[in-house]
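Notes follow the structure.
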Amino acid sequence: MTPDPAQHRSAVGAPGEPPARGVLVGVDLRGIQAYVYSGRRILDAVGRAALVAELTDTSDPVRGIAGLVPDDCTVLRDAGGALTVVLPDAASARRFTARYTRVLRERAGDLTPVVAHVPYGGPEPGGDPGGAQGLDEALALLPDRLRRARGHMSALHDPAHGYGITAVCAVGGGPAEVLDPSRAQDDRPGVPERVSADVARARGIGRRWHRAHSAAWAAGAATATGAPRLALPMEVDRLGREPGGVSRIAVVHMDVNGLGAVLGEYRERAGDPAVPGSGALAQRRLSQRIQDLTGALARVLVRSVAATVRADPGRDPVIPGGARSISLDHERSGPVRLPVRPIVVAGDDLTVLCDARLALPLVRYALEWLDADPEGVGDPADPRTALHRALADAHGDRPGGGRTAAGGDGRPHTTFVPTVGVGVAVQPVGAPLSLGHELCEAMCRTAKRHRVAAIEGGAPDGHVVAWTTRVDGVDRVLSRWEAARRGPVPRTGLPLTGTGFTRFLDRYLDPGAPGSLTAEGDFRRRGWLISSLVPLLESGADPAPEIARRARVTGAPVDLPREWTPAGLLDAVEMMDLYLDPGLARALDPRLSAARGGPGGGPR
911 MTPDPAQHRS AVGAPGEPPA RGVLVGVDLR GIQAYVYSGR RILDAVGRAA LVAELTDTSD
971 PVRGIAGLVP DDCTVLRDAG GALTVVLPDA ASARRFTARY TRVLRERAGD LTPVVAHVPY
1031 GGPEPGGDPG GAQGLDEALA LLPDRLRRAR GHMSALHDPA HGYGITAVCA VGGGPAEVLD
1091 PSRAQDDRPG VPERVSADVA RARGIGRRWH RAHSAAWAAG AATATGAPRL ALPMEVDRLG
1151 REPGGVSRIA VVHMDVNGLG AVLGEYRERA GDPAVPGSGA LAQRRLSQRI QDLTGALARV
1211 LVRSVAATVR ADPGRDPVIP GGARSISLDH ERSGPVRLPV RPIVVAGDDL TVLCDARLAL
1271 PLVRYALEWL DADPEGVGDP ADPRTALHRA LADAHGDRPG GGRTAAGGDG RPHTTFVPTV
1331 GVGVAVQPVG APLSLGHELC EAMCRTAKRH RVAAIEGGAP DGHVVAWTTR VDGVDRVLSR
1391 WEAARRGPVP RTGLPLTGTG FTRFLDRYLD PGAPGSLTAE GDFRRRGWLI SSLVPLLESG
1451 ADPAPEIARR ARVTGAPVDL PREWTPAGLL DAVEMMDLYL DPGLARALDP RLSAARGGPG
1511 GGPR
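Using our numbering, the letters of the sequence shown correspond one by one to residues 911 to 1514.
Okay, here's the thing in structure tokens:
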């Protein structure tokens, strides 16, 4: 995670505001997702995500890039794989770009930097005649310049490791350069895995990041019973594999809705027209608050799962969920590994790997946590409260603003905490993480497009959720999903709004709900449901005759969820074997403060 912006020695550069004349330099790292999720191990993904964060961290002179930033530089953005700085002239801008891209090639050769320079304040001799009048105008031109730069990439930007190397990297498939003794090649003891240098470097960073966040998130977390030592897993096999049980993991991707509009509007309202660049600096502070929100959400998700763990003496630790439970990976006298692993990739993005049975309950908890009343939390250090107050202050005393949400108590309140789009992809243990991430990102994009269309139709802003259990490629999954959604009889109700998602879980998958699909004991009804009713619903036929026939045969009404629909029932059948609700909100109240040292935070 990026440190406190107060520690950024280059955040304001030279004393005072940005200069009236200079060059705006924008750097966008291309191919981050493919780079991060190119392997099959959590450690590789964690390490590469942390490395991406370090490559845009201007506060750390050892692991970040603070040594590349001159004293007369003003940093406007340095997170999420993007870097925006202001330099006094074209020569210093070229010098900074050359040094930065060189370091990037040495530390992460598979990442491609896209760079744009926008001079402002008047042309320099021999400089770019298409500059901007001021810094604010240069910031408005920068996105288009970056798009144009992406369209002129050449083969010279591709990494070239050389020829004549026959050993192949076990992760990326490129030339192998070093041996990693911490990992056996093809599970053969004593034979180190052959990897490229950047993979080995990322793994070292991943181990350091893992130790730091395990201590901050899992260590000291309260459990339901017992006091075991808790840890986060570093292997996918530790997440969702259970002998004789369901072996599925879920990749959950959450992305803030309308972030560009939120930041742009805040820059206009919080900036001082008399001070060039003040809006950009205010926008940077707001970006840090959003990143704090993402980090706190990752922390509370881990601690909410930890709060449900039962580690009774003499028994294996489990997470109970009604008649079923999740057995936790552990070693005798060793730590108990939680079946959840957050991976923070960018400032407003959060990706979580978890046991597939916990995916939908974790999404529900995240939405409840984001919808909690910020003023009711009562702690100004909580990132929800801090972000809410910053946006509310910028909105001023104008009517409207914010959105109406209902917290855990059901009472409506106004909050400026933005909504999120959520995509969930369920995949077998051992499948490439890149596939799961591409699928969940595609579902997240689909959900966000649905939200935009709903808002244009007059619906209020809200969270939106979509998921898939298919793993046969992004294009095929999306085409099947679109056909199911737009047929004469819809065969899916996805995407769901936040309220619709909660109602769906309560109606179809809550074991205590009438006709719930997760109720235990009625195996004959389950067999009829899968073998007879579901094929009818998938074909679009009228299910009423079959339901009437079933009632005559059994001599009792068919027990189905109340107010069920064909689309909702098909969505529920898809997830009924991959759903276990341990009561996360009961174990850790989402209305509690998530500040450091609070019940939902980490140790001080």
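Ideal Cβ placement from N, Cα and C applies to all residues, glycine included.
Terminal residues of the alpha helix (DSSP H) in which residue i lies
| i | result |
| --- | --- |
| M1485 | P1476 to M1485 |
| G1264 | Rather than Gly, the amino acid found at residue 1264 in this sequence is Cys. Unbroken run through C1264 is the beta strand (DSSP E), D1259 to D1265; no alpha helix (DSSP H). |
| Y947 | Unbroken run through Y947: none, as it is neither H nor E. |
| I952 | I952 to E964 |
| T1464 | A1454 to T1464 |
| P1284 | P1284 to V1287 |
| L1089 | Counting along the chain, L1089 falls outside any alpha helix (DSSP H), though it belongs to the beta strand (DSSP E) covering V1088 to A1094. |
| L1301 | P1293 to H1305 |
| L1494 | L1494 to A1497 |
Where residue i falls: helix, strand or coil (DSSP)
| i | result |
| --- | --- |
| I1440 | helix |
| A1065 | For A1065, the predicted structure reports a pLDDT of 49, less than 50, and the residue's modelled location is therefore unreliable. A value from the coordinates is still provided. A1065: helix per DSSP, three-state reduction. |
| A1217 | coil |
| D1239 | strand |
| R1274 | helix |
| G1174 | helix |
| V1013 | helix |
| I1200 | helix |
| R973 | coil |
| A1077 | coil |
| S1188 | helix |
| R1118 | helix |
| L1280 | helix |
| A1042 | strand |
| L1415 | helix |
| R1308 | coil |
| V979 | coil |
| P1424 | coil |
| T1407 | strand |
| P1445 | helix |
Buried or exposed by the 16-neighbour rule on C-beta atoms within 10 Å, applied to residue i
| i | result |
| --- | --- |
| S1441 | exposed |
| T1135 | exposed |
| V1598 | Residue 1598 falls outside the range modelled here, since the chain spans only 911 to 1514, and no answer is possible. |
| T1464 | exposed |
| S1092 | exposed |
| H1062 | exposed |
| A1504 | buried |
| P1183 | exposed |
| V1273 | buried |
| R1417 | buried |
| P1445 | exposed |
| E1278 | buried |
| Q1201 | buried |
| P1227 | buried |
| T1314 | exposed |
| Q1193 | buried |
| Q1198 | buried |
| G941 | exposed |
Residue interval of the beta strand (DSSP E) (run including residue i)
| i | result |
| --- | --- |
| I1159 | R1158 to V1166 |
| T1135 | Looking at the DSSP string, T1135 is not in any beta strand (DSSP E), and its letter there is neither H nor E. |
| E1103 | P1102 to V1105 |
| A987 | Correcting the residue identity first, residue 987 is Arg in this sequence and not Ala. Where R987 is concerned, the enclosing beta strand (DSSP E) stretches over T984 to A989. |
| P1230 | V1228 to G1231 |
| G936 | G932 to R940 |
| A1048 | A1048 -> not in any beta strand (DSSP E); alpha helix (DSSP H) instead, spanning L1045 to R1060. |
| Y1489 | Per DSSP, Y1489 belongs to no beta strand (DSSP E) and is neither H nor E. |
| V1025 | T1022 to Y1030 |
| A992 | A992 to L997 |
Residue i vs residue j beta-carbon contact at 8 Å
| i | j | result |
| --- | --- | --- |
| R1361 | G1403 | no |
| L1021 | L1140 | no |
| D1283 | T1325 | yes |
| A1190 | A1304 | no |
| G1372 | T1412 | no |
| V1375 | L1406 | yes |
| T1011 | V985 | no |
| C1264 | L1415 | no |
| S1449 | A944 | no |
| V1381 | Q1337 | yes |
| P1023 | A1000 | no |
| A1008 | H1027 | no |
| A1112 | V1088 | no |
| T1261 | H1120 | no |
Fully enclosed by the stretch 1311-1396, which alpha helix (DSSP H) runs are 4 residues long or longer?
1343-1366 and 1384-1396
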